[in-house]
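In the working numbering, the protein residues as written are 11 to 594. See structure below.
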Amino acid sequence: MKFLEQPPRFLFFTGKGGVGKTSIACATSIQLAESGKRVLLVSTDPASNVGQVFGITIGNHITAIPSVPRLAALEIDPQAAAQVYRDRIVGPVRGVLPEPVVKSIEEQLSGACTTEIAAFDEFTALLIDSTLTQEYDHIVFDTAPTGHTIRLLQLPGAWSGFLEEGKGDASCLGPLAGLEKQREQYKAAVDALADGSRTRLILVARAQQATLREVTRTHEELAAIGLRQQHLVINGILPQIEAASDPLAAAIYEREQTALKNIPDVLKALPGDRVMLKPFNLVGLDALRHLLVDTPSTSQVNVDAPIELAEPSLSELVDGIAEDGHGLVMLMGKGGVGKTTLAAAVAVELAHRGLPVHLTTSDPAAHLTETLSGSLDNLTVSRIDPHVETERYRQHVMETKGASLDAEGRALLEEDLRSPCTEEIAVFQAFSHIIREAGKKFVVMDTAPTGHTLLLLDATGAYHREVARQMGNKGLHFTTPMMQLQDEKQTKVLIVTLAETTPVLEAGNLQGDLRRAGIEPWAWIINNSVAAAAAQSPLLRQRAANEIREINAVASQYARRYAVVPLLKDEPVGVDRLLRLSVG
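Take a look at the structure:
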């Protein structure tokens, strides 16, 4: 593997959930330790399963891995770190400031930015020279901080006054208010990240066009702030031998090879490695030792027959949605799980039943919009451009809040508006103009804001509280988008995930965020299931068997109702193929 040639002290693995960061980080750590190096493996993933991979309990303290001499591991719990961090900031003002103000501060500290910054706060000590890590030759991080978080940590030390005067928007500057006392330590940590002689970033992706586009954005964002020592690892590629025995495997192979041929130019310039798909779960030393060094033959597969899966279909979920005759259907989930495709499938199935439907998407790749436009009675399709809406929102804030600021204040406000939350708020405001249609027809939305962003919209009065203030004293009836989202009779939220460990855990975290915002998810959809596809390939049959545990977890621990959608041989583009998703 090229990323393991002359490795520096720090190795960071980054990428979307479900691409295999943890497995590759663990395999890397084992390989380095067995070559005679002393290695510390650190996970900052909220859904960390490093302990599960090694079959021991690790937790938030350095723990030796008994089966691998010279290897130790540490799992930083970002949620626990975030709670400690919140308490540190909110504690001194509790009982001093009015309770509504304290609650507003807590809400601003409730989201993903706080969690990531708090985790960075925890592992900063590992990036600087300290007695804690001096005995290790290499420190391997499973999950790197985003470019956004690192850029925030490079800002001038003027956050506190900026925030106290109410100039900041609802974003990530709030969490940063608690960092002022440790600025020198953060500067040293950021310097270590940017030093190519000390740090290497490994971007992990799958051979899928959407995933490769996402990793391109990550690469460019990190390179722009000086983190240029990057490698690309494309994980989970189906071996060609599998394509000979199964039409489904052949189609997947062709799809992946097309994506690999069309890798964006900026990624082609990076040193790269490819890791083949394995038939087994990547748990235990034997499996991890095989991940980076060879590809076991399919003779090791132990499943003798295709997996028969009798689970609820998407069509059965649509039965329940269709009963009301109209309403808002929102599909939520992490990137890469197939929200856009499933939103289109739900919309097509409803329209196919003769119900009026408006499908609206903020997907930058509008191929579904083009495919569906005018191709089915009862269905209208619109697309919201996230870049246009975000720029419009930024300009509005700069022209209002920014009008009276000095140059430094405007610079901080501009940085505040680069938050990942900003795009979600802007797109949601654009969606809110469409939502009112749901009183007389179905409105299906494929990209939705996270629970944290919904809380921010509510807590900052971006829409809901302002309307309530204006209308409440007049005795007039009113409904805001937030109120509609919280009413299950008007809105049904569908959480989309994959039948893999990390995506299921991340979807569970999203469900918790939504519940905190007063929104109860109506159903879950498990997408691209090999188990539901009746694959013939030995490797895919084993993968199908591995999915069963995750499907059972969704059914028993998370979802009130759910559906399983099979992995299709053909890309689900066009009305006929989308209808096939509904019936399986």
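Ideal Cβ positions, reconstructed from N, Cα and C, are used throughout, including at glycine.
In summary, V593 is exposed, with fewer than 16 beta-carbon neighbours lying within 10 Å of its beta-carbon over all protein chains present.
Here the segment 555 to 566 does not lie against the segment 269 to 287, with fewer than 3 beta-carbon pairs under 8 angstroms apart.
When the beta-carbon positions are compared, L591 and L578 come within less than 8 angstroms of each other. A distance below 6 angstroms between beta-carbons, with the five flanking residues on each side excluded, links L51 to the following residues of its chain, in chain order: S39, A83 and V150. H406 and G61 have their C-alpha atoms spaced approximately 47 angstroms apart.
Looking from the CA of P513, the closest CA among D497, A527, I535 and M11 belongs to I535. In the three-state DSSP reduction, H336 falls in the coil class, being neither helix nor strand. By a beta-carbon distance limit of 8 angstroms, A545 contacts A554. Their separation comes to about 6 angstroms.
Annotated three-state conformation of N272 is coil, per DSSP. Membership of E230 in the alpha helix (DSSP H) is indicated by the continuous run Q219 to A234.
With 16 or more other Cβ atoms from the protein chains shown falling within 10 Å of its own Cβ, P531 counts as buried. Fewer than three Cβ pairs drawn from the segment 94 to 107 and the segment 63 to 70 lie within less than 8 angstroms of each other, which leaves the two stretches out of contact. Inclusion of L248 and L287 in the CB contact set at 8 angstroms is warranted, their separation being smaller than that value.
In this structure the segment 495 to 510 lies against the segment 331 to 349, because at least three pairs of beta carbons, one per stretch, are closer than 8 angstroms. Just measuring C-alpha positions, the residue of L389, E359, R363 and H362 sitting nearest L369 is L389.
Proximity to A279 across A533, Q240 and P396 peaks at Q240, based on C-alpha coordinates. Per the Cβ contact rule, the segment 393 to 412 is not in contact with the segment 490 to 497 (fewer than 3 Cβ pairs under 8 angstroms). Of all alpha-carbon atoms in F133, T125 and E145, the one lying nearest the alpha-carbon of V49 is that of E145. In the DSSP assignment, A35 falls within the alpha helix (DSSP H) that extends over K31 to E44. A261 has its alpha-carbon roughly 49 angstroms from the corresponding atom of E116. A distance below 8 angstroms separates the beta carbons of L415 and L423.
DSSP places M492 inside the alpha helix (DSSP H), whose first and last residues are P491 to Q496.
Of the residues T511, A43, Q219 and R265, the one whose Cα lies closest to the Cα of S77 is A43. DSSP, reduced to helix, strand and coil, places N245 within a strand of the structure shown. If the five residues before and after A357 are omitted, its C-beta is found closer than 7 angstroms to the C-beta atoms of V367, L369, L389 and V454, all from its own chain and listed in chain order. Your pair Y196 and T141 does not check out as a contact, with CB atoms roughly 19 angstroms apart and the cut at 8 angstroms. In the DSSP assignment, N537 forms a beta bridge with L508. Cβ neighbours of V328 within its own chain (closer than 7 angstroms, five residues either side excluded): V356, E359, L360 and S592.
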